[in-house]
Amino acid sequence: MKVNYLKGSLLPVIGWTVVFIVLFSCLQIKGRYNLYFMEQWQIFLYDWPFVASVLWQPGGMVRLISGFLVQFFVYPGLGALIFALLLTLTGFFTASVLKQLASASRLFVLGLLPVVSLLFLQFNVNYQLAGTTAFLLLVTGLNCYLKVRSLWHRVLFDLCTSLILYLLAGPIASLFVVSVLLIELFTHFRSSYLFLIPGIIVYSSAALSLRLGVTGEMKQLLLPDGYFEWHQKVVFIYQTWAVMFALLLLALVLRLFKAVKKRVWQTGLIAQFIVVGGFVFYCLSFMIDDRNELFKELEHYISTGDWDRVLERSKGKGTNNYLCQNCRNLALAEKGKLTENLFDYPQAGIQNIILHWDKTVYVAALLSDVYFSMGHIAMSQKMAFEASGNGNKYNPRMLKRLVQTNLIFGNYRVAEKYITLLEKTQHYRRWARAQRQFLDNDSAIDADSLLAAKRRCLFSEKTISGNDGINSDLKHIIDHNPSHRASIQYLGAIHLLIKDIPGFKRIMERYYGTPALPYLPKVFQECMMLFTATDAEILERYAISDEVVQRYKAFRTLKTDQVVQEYQAILNYETNKQGTYWHYLLCYKENN
Amino acid sequence: MKTEMQKIYSKTLQLGIAFFTLFSCTKNVPIDEDLDKFPPIFPDYTEVTIPANIAPLHFRLTDSLDCSEAYACFETSSGSIKAEAKAKQFTISSSGWEKLMAEAKGGAVQVTVVVKRNEKWIAYKPFNLYVATEPVDPYIAYRLIEPGYETWGKMGIYQRCLESYKQTPVAINEITNNNCMNCHSFCMQSPDKMLFHMRKDFGGTFLIDGDQVEKLNTKTPQTISPLVYPSWHPSGNFVGFSVNETQQMFHSTDHNRIEVFDYKSDVVIYDVRKHEIFTSPLLFSKSAFETFPAFSSNGETLYYCSADSVTMPDDYEKAKYSLCALSFDAETRQFGDKVDTLYHACKNGKSVSFPRVSPDGRYLMFTLFDYGNFSIWHREADLYLLDLSNNMITALDALNSDETESYHSWSSNSRWVVFSSRRIDGLYTHPFIAHIDENGKASKPFLLPQDNANYYMQLMKSFNIPEFVKGKIKKSTYQITRKARNDKGIDVLFRE
């Protein structure tokens, strides 16, 4: 008996511990960059006005709790730990509900179905963790409800819990009342009509919220739509709720079977594992976009300055993945290698180096990094501004960028505003406090290598950004700060990528031999060969290396189809042969 | 700038109650040192003129000031209230404040700030809060939005009770698919007759008249855009609008950050009863950019801004707007045939925006800056006053700062103005209220008071288009939203 009891109580513990470990491992191995990304697109302030602004609306409490938890996702491993714990608890309580409804059928494995759904849903950038937290509250509430025996106590419990859930957790209250109603229909049909009352109360509360202007649509207050940032027109946002409803229905039907033979429930267990496994593959097939996940990973490396990892992970990616290409070229620029290694990687036009902004906050954040790298502080600031606070998302890294750019411009009061905001966060406060030394202190800025260098990129000529092209702005930057190598690298690279050879030549004539361009990097030499190959004097003047000269001679001997073949092999990473500008010039066609 | 009466009153008050001060409000605090300077407080409420019906002016000591304790003593000739600083903030109860205001109406409240630093009590030079006899309209309406650029997140039009700190939404874009809403405008400061625009989802112009809400589709084939900047005719039967083709560009280094300009613009009049637009060739010229209409208080004159058309964006610095006037007959819907130029942009080398006539018809306030029409992004933009009785123009030095002063509007009794200023940090726009007497003399403005003096530091939004309103807007967000969502809208016609 004792052994059986121990087995009975230990087995679930072991089982759920295994679930937790599996979830943690999956999240840490495959999902950690998504968790880092989640942290980057929200902010939690230790500040009563902020807390009050979140709490006042239905569901405010779960949003606050979730925001509090997500701030810790910035720490390695902690995000996976917290999220795995949330999901494990969700699974545990779901299984407990199923067990209470149909203990003989042993449906506890199916309790993982909502867990799987919530796990994959979290990869959607518009989905809020509040939805998962709310779901946990739902299954906890259902568990408690199932322990209440007396009818009127159940009615009262349903009423109170649904109202509390609505106020604290938002739309999940509607799933709670529907679930309870369903259970009552199957278990106590005659009195089940009483359980319409909580549903009416929840609906009325939502209607009142609508009238009070909390939101514009009822579905934001009663359906999973309320846990998404933007209006989603896809059906899968209802998936978790639908799965839960289906599970309850199944359990209630199987409840009729008071005893189940061992062989039957063992087969049932296997079937449950197959169903859960199948569901995992089903979700995997459409709920995770590899390109998005790669971008999240690259964004993490960019935020930590791990340029080598950016280069490593962006290898093998097609030229039509512009986000990836921009990240990679940014990494090259930050390592000072843009004009050495540009064509070691496939390139495809200017979009690979400076993406056209699609008005999203994610691309704005990337462009802020690119412009900052270039030394174009005004555009970097603009993009950082577009990426933080707009689109309802605050990005702490972009807030840091706003601090930096405003310090660089000498807008100290504005910088102080952002510093004050970041000082209210847990993770960024130390960095923010350290920036106070720069306020109203030009000497401190001049002594800081990063801020001073970027400040020297500012130019006095009054121009409208981009009006004469980004190349015009870059020339101003170079003229004012020739030591800022990234600017000349980007300028030359842009001319090469758009195949503006005359423009490139003019840049070389203007800057070669000056502090901005004391020597020609490899890629520039390759382009110079196109019009200096037969002129020994120019070759000497521009110090074109013998290696480049020899390679060019060898390249000239290739037939066109050989060049095309080599280029394709380079594009597909099928060769160790280094790409050259000559391959790009001959083979890359816009709109390929 | 203080009037003579205020100076005399101030001195008398200081002498008269200086002795009293030591033995009343601060009687338990032995002063070790008197400083001959005002306390460093935020907001700067030193020597401002306020209406008696304003909410308490809470302020705090600035962070640079180090002290372990602090008190602020608010005194009138009849009594005093002492406020202890909590986290460097001074707050005062509504009832206590109301009592002070009632006692000080027409006079002043003297405020003495005393701080304890290094075990010594230091008293700063007392400053006055001058309490005007004229009340201010009880509400202002404004839009809260991030300060500029291309995308936006949450924004909304809000109304704020000036007699308390209560701010309630009139329309918020969270419930209209995060669209854009702007250009709220009130007929003679009436909360029952107003309009505003929505752009993108559920787009249209929403005209609220009592219980009625009309959604208007204001783009016509003859006009270059839907209706933009509004100005109500005092009768409420017409609204002057501009139509604009607007573009936004960014400066590479210029401290003005952004340039907003019109490729084209015209002025038209919307007939509220007939749902028609009409205009005059003098307002609809291809060779000029006409914009910012503003009716006079009697409705017989339409003021507007006009610039010679130039090639945009190359010549953006050459676009300078003059202040013009054209007569208007509301009965016949006819305009005069001669334009009066009240301020020549080219002659003076500056540009005018936002002409606004005081309800008593005496003054016209406008914004003046170097070029263009979007003054909020010009740090040199300042407020000027045109005396319509003699056409004299004066700079409102009392209201202006080194940063942008731009949008402004008058209270219904013509004694108060609320205007947008970026003086606090150079980027985020905040509303300031100032008294202007019948002679056009402006007093030092005060920042819209908040319950928490740190509010503005934490707010990441700008206050846009502050407008006085005589009462609470009763139409609910829900009612407006339902109209927006469900109504196709009335198509406005252009009458040639």
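Each protein sequence line maps, in turn, to chains A and B.
My numbering numbers the first residue of the first sequence as 49 and each following residue consecutively.
My numbering numbers the first residue of the second sequence as 235 and each following residue consecutively.
Glycine is no exception: its CB is placed at the ideal position from the N, C-alpha and C atoms.
- Annotated as proximal: A/L135 and A/L166, with beta-carbon spacing under 9 angstroms.
- If only complete runs of 3 or more residues are kept, the segment 356-382 of chain B shows the beta strand (DSSP E) at 361-366, 373-379, in order along the chain.
- Between B/K675 and B/E281, the C-beta gap is not smaller than 9 angstroms, which leaves the two residues out of contact.
- DSSP, reduced to helix, strand and coil, places B/K350 within a strand of the structure shown.
- Under DSSP, the beta-bridge partners assigned to B/G474 are B/S465, B/I503.
- If you check the CB distance, A/R154 and A/V308 come in under 9 angstroms.
- With fewer than 16 other Cβ atoms inside 10 Å of its own Cβ, A/F329 counts as exposed.
- Take A/A412, set aside five residues on each side of it, and the residues of its chain with a beta-carbon closer than 6 angstroms to its own are M431, E434, A435, in chain order.
- For B/H485, at least one C-beta of chain A is nearer than 9 angstroms to its own C-beta.
- The residues G423, A501, R504, C505, S535, in chain order, have a CB closer than 8 angstroms to that of A/N529 in the same chain once the five nearest residues on each side in sequence are set aside.
- Following the DSSP letters along the chain, one finds B/M432 inside the beta strand (DSSP E) bounded by residues 427-433.
- Rounded to whole angstroms, the separation of the alpha carbons of A/D583 and A/V597 is 12 angstroms.
- A Cβ-Cβ separation of about 4 angstroms places B/K695 in contact with B/L378 under the 8 angstroms criterion.
- Straight across, the Cα-Cα distance linking A/G316 with A/L161 is about 15 angstroms.
- The C-alpha of A/E471 is placed about 58 angstroms away from the C-alpha of B/R729.
- Where A/W200 is concerned, the enclosing alpha helix (DSSP H) starts and stops at 199-217.
- For B/A615, the closest alpha carbon among the candidates B/M546, B/F308, B/N287, B/D631 is that of B/D631.
- A/K407 reaches chain B at E384, T385, counting residues in chain order whose Cβ is nearer than 8 angstroms.
- Beta-bridge partners assigned by DSSP to A/G189: none are found.
- The beta carbon of A/F420 does not come within 9 angstroms of any beta carbon belonging to chain B, so the residue lies off that interface.
- The bridge partners DSSP lists for B/T535 are B/S561.
- Your pair B/I724 and B/H418 does not check out as a contact, with CB atoms roughly 19 angstroms apart and the cut at 8 angstroms.
- The Cβ atoms of B/Y399 and B/V345 do not sit closer than 9 angstroms to each other.
- In the three-state reduction of the DSSP assignment, B/M483 falls in the strand class, which pools E and B.
- Just so you know, the alpha carbons of A/L297 and A/E277 end up roughly 30 angstroms apart.
- Beta-bridge pairing by DSSP links B/E510 to B/D505, B/L727.
- With contact defined as three or more Cβ pairs closer than 8 angstroms, the segment 650-666 of chain B and the segment 349-362 of chain B are not in contact.
- For B/I707, there are no neighbours in chain A by C-beta distance under 7 angstroms, as the nearest C-beta there is about 13 angstroms away.
- Taking a contact as a CB-CB distance under 8 angstroms, the pair B/K554 and B/Y605 counts as one, their CB atoms being some 5 angstroms apart.
- Beta-carbon to beta-carbon, B/A718 and B/F440 are separated by about 7 angstroms, close enough to satisfy the 8 angstroms threshold.
- Taking the beta carbon of B/L661 as reference, the chain A residues within 9 angstroms of it are N454, N459, R461, V462, K465, listed in sequence order.
- For chain A, the residues of the segment 457-489 of chain B that bring a beta carbon within less than 8 angstroms of one of its beta carbons are M483, F484, H485, S486, T487, D488, H489, in chain order.
- Taking the beta carbon of A/T511 as reference, the chain B residues within 9 angstroms of it are H485, S486, T487, D488, listed in sequence order.
- Judged by pairs of C-beta atoms under 8 angstroms, the segment 392-409 of chain A touches the segment 348-367 of chain A, as three or more such pairs exist.
- Neighbours of B/Q692 across chain A, judged by C-beta separation under 9 angstroms: L93, D95, P97, F98, K465, T468, L469, K472.
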